[in-house]
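According to full-length UniProt numbering, the stretch in the sequence shown is residues 1 to 315, in order.
By construction, the Cβ of each residue, glycine as well, lies at the ideal position given by its N, Cα and C atoms.
Heads up: the structure comes next, in structure tokens.
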Amino acid sequence: MATGAGKSLLKVRDLLHVRVAAPDLDEAERFLVTFGLATVERTPDRLYSRGTDAGPWCHVVERGEARLIGSAFLVDDRAQLEKAAAIAGAGAIEPTGEPGGGDRVRLTDPNGFSVDIIHGIESLPALPVEEHRVNTAFRRGRPDGQLYRRPPGPAHVRRLGHFVLSTPDLDRTRQWYREVLGLIGTEDIFAGEKDNIVASFSRLARGEEYVDHHVFMTHKGAKADLNHLGFEVLDADDLFFGHYYMKDAGVRHRWGVGRHRLGSQIYNQWFDPWNRGYEHWTDTDVLNEQHELALVPAAEALKSQWGDAPPVKFE
């Protein structure tokens with residue numbers, strides 16, 4: 001049985017959103033809509049976006065010099081907010097002052113990125129999406145006689161699933177997200193000796209409930225920065241619709257299409273106008289507390305089950 005969450009200061013329920021800054025909100029919105037996110041609200045200095053799933057908004061851009069500001073996690077009750085406020089260096093419990101309301105406590109991770117702990121934010125209703133039923137060698141899912149004719153358009157982003165940080169201080173970063181937030185280690189990646197950890201995958205702790213293979217990954221890098229954000233889309237067909245729509249729109253491609261070895265997602269990554277990675281993914285492994293932390297050699301960690309080799313500098 002996995003361990004770690006029981007010894008943590010907090011137990012987060014889910015990843016809510018990631019917050020970035022960009023100098024041009026018009027350009028940011030064009031990219032995000034092309035990528036498949038929907039605008040929730042826009043002010044002179046902020047742009048809020050969502051996926052199709054029911055839930056709060058999942059991405060915010062603040063006007064400013066391009067950078068990662070931080071992330072936010074949901075907790076189940078106010079008692080978790082009170083615990084968060086008692087952590088050294090934490091802010092006080094305060095209203096978020098953003099769409100959906102709720103209260104938050106702002107923490108700071110070892111790299112200086114903000115991590116908001118939020119309770120009481122309102123959910124948005126799901127956006128209508130038609131399921132594409134497929135015919136395979138094992139199951140004929142599409143009704144007989146029905147023609148599939150989908151016009152070109154963006155992928156349907158469902159939700160934000162994970163984010164990935166590069167950091168010069170991997171040990172402290174990995175430890176902080178597990179021991180403070182209560183994430184569970186899925187895999188630690190080593191180079192050479194097994195105690196030389198160069199990357200790690202962590203997931204949410206929900207007991208017997210199955211969750212995504214990872215909600216957070218971190219790897220060694222020259223500086224603390226965002227590697228990429230991972231957003232779930234409907235299926236592989238939807239991912240490829242998004243691929244050609246973004247390609248035709250002139251968006252710069254990063255990596256994919258392929259299937260990861262660790263996590264098993266079919267993935268496709270793009271650059272936003274400020275060289276940040278944005279990933280479409282589908283069909284992830286799901287795990288619960290019974291899955292033990294695994295040590296994986298770096299030589300196999302970034303390999304794809306199929307698809308191109310990773311970029312020369314994956315940081």
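In angstroms with no decimal places, state the Cα-to-Cα distance between residue i and residue j.
{"i": "L302", "j": "H219", "result": "11 Å"}
{"i": "F271", "j": "S114", "result": "23 Å"}
{"i": "A224", "j": "G55", "result": "29 Å"}
{"i": "P168", "j": "F35", "result": "30 Å"}
{"i": "Y245", "j": "E130", "result": "19 Å"}
{"i": "H17", "j": "G89", "result": "22 Å"}
{"i": "L107", "j": "P143", "result": "51 Å"}
{"i": "K247", "j": "E94", "result": "42 Å"}
{"i": "D26", "j": "V157", "result": "20 Å"}
{"i": "R148", "j": "S304", "result": "It is worth fixing the name first, because residue 148 is Tyr in this sequence and not Arg. C-alpha separation (whole angstroms): 30 Å."}
{"i": "G250", "j": "R50", "result": "23 Å"}
{"i": "D308", "j": "F216", "result": "23 Å"}
{"i": "R159", "j": "E65", "result": "26 Å"}
{"i": "L239", "j": "V286", "result": "19 Å"}
{"i": "L15", "j": "D53", "result": "14 Å"}
{"i": "T43", "j": "L234", "result": "29 Å"}
{"i": "R174", "j": "E98", "result": "29 Å"}
{"i": "E232", "j": "F201", "result": "17 Å"}
{"i": "V61", "j": "L37", "result": "13 Å"}
{"i": "R172", "j": "V180", "result": "11 Å"}
{"i": "Q146", "j": "R139", "result": "15 Å"}
{"i": "D109", "j": "W176", "result": "7 Å"}
{"i": "V20", "j": "D237", "result": "29 Å"}
{"i": "D24", "j": "E193", "result": "45 Å"}
{"i": "R133", "j": "R259", "result": "21 Å"}
{"i": "D195", "j": "I87", "result": "29 Å"}
{"i": "E315", "j": "P128", "result": "Residue confidence is low: E315 scores 46 on pLDDT, short of 50, so the model does not pin down where it sits. Its coordinate-derived value is still stated next. Approximately 36 Å, taken between the alpha carbons."}
{"i": "A22", "j": "R178", "result": "29 Å"}
Tell me whether residue i is buried or exposed, calling it buried when 16 or more other Cβ atoms sit within 10 Å of its Cβ.
{"i": "W306", "result": "exposed"}
{"i": "H253", "result": "exposed"}
{"i": "F31", "result": "buried"}
{"i": "E279", "result": "buried"}
{"i": "A126", "result": "exposed"}
{"i": "Y210", "result": "exposed"}
{"i": "T282", "result": "buried"}
{"i": "K7", "result": "exposed"}
{"i": "G277", "result": "buried"}
{"i": "L295", "result": "exposed"}
{"i": "R150", "result": "exposed"}
{"i": "N111", "result": "buried"}
{"i": "A222", "result": "exposed"}
Who are the near neighbours of residue i in its chain, counting only those whose CB is closer than 8 Å to its CB and skipping five residues on each side?
{"i": "P311", "result": "R254 and W255"}
{"i": "D77", "result": "H119"}
{"i": "V198", "result": "L170, I189, F190, A191, H219, K220 and A298"}
{"i": "D103", "result": "R78, L81, I93, E94, P95, T96, I118, H119 and G120"}
{"i": "E300", "result": "R261"}
{"i": "G101", "result": "P95, G120, I121 and E122"}
{"i": "G141", "result": "R133, V134 and N135"}
{"i": "V33", "result": "T39 and P154"}
To which residues of the same chain is residue i closer than 7 Å at the C-beta, ignoring the five residues directly before and after it?
{"i": "G153", "result": "F241 and Y245"}
{"i": "T284", "result": "D212, H213, G263, S264 and Q265"}
{"i": "residue 366", "result": "Since the first and last residues shown for the chain are 1 and 315, residue 366 lies out of range."}
{"i": "A137", "result": "none"}
{"i": "K83", "result": "L9 and L10"}
{"i": "G91", "result": "V105 and R106"}
{"i": "P273", "result": "E27 and F31"}
{"i": "L68", "result": "V20, F113, D225 and L226"}
{"i": "A155", "result": "G36, V233, D238, L239, F241, G242 and H280"}
{"i": "A85", "result": "A92, I93 and V105"}
What residues are listed by DSSP as bridge partners for residue i?
{"i": "R140", "result": "N135"}
{"i": "Y210", "result": "Looking at the DSSP assignment, Y210 forms no beta bridge with any residue, so it has no partner."}
{"i": "M217", "result": "V164 and F201"}
{"i": "T282", "result": "I266"}
{"i": "I87", "result": "Partner(s): none; I87 has no beta bridge."}
{"i": "H59", "result": "V18 and S49"}
{"i": "V180", "result": "V180 is not bridged to any residue."}
{"i": "F190", "result": "I197 and P297"}
{"i": "H260", "result": "S304"}
{"i": "W274", "result": "Answer by DSSP bridge pairing: none, since W274 is not bridged."}
Leaving out the 5 sequence neighbours to the left and right, which residues in its chain are closer than 6 Å to residue i when beta-carbon positions are compared?
{"i": "Y48", "result": "V40, E41, W57, V60 and P99"}
{"i": "D45", "result": "R63"}
message = Tell me whether the stretch 56-76 and the stretch 115-129 touch, counting them as touching only if at least three CB pairs, one residue from each stretch, are closer than 8 Å.
response = yes
ask   = Is the stretch 62-74 touching the stretch 100-117 in the sense that three or more CB pairs, one from each, lie closer than 8 Å?
value = yes
ask   = Contact between the stretch 151-170 and the stretch 228-247: three or more CB pairs below 8 Å?
value = yes
task = Pair every Cβ in the stretch 202-216 with every Cβ in the stretch 7-15, then say whether three or more of these pairs are closer than 8 Å.
result = As far as the Cβ criterion goes, the stretch 202-216 touches the stretch 7-15, which means the pair count is three or higher.
inquiry  = For the structure I just gave you, are there three or more beta carbon pairs, one from the stretch 178-188 and one from the stretch 285-299, closer than 8 Å?
reply    = yes
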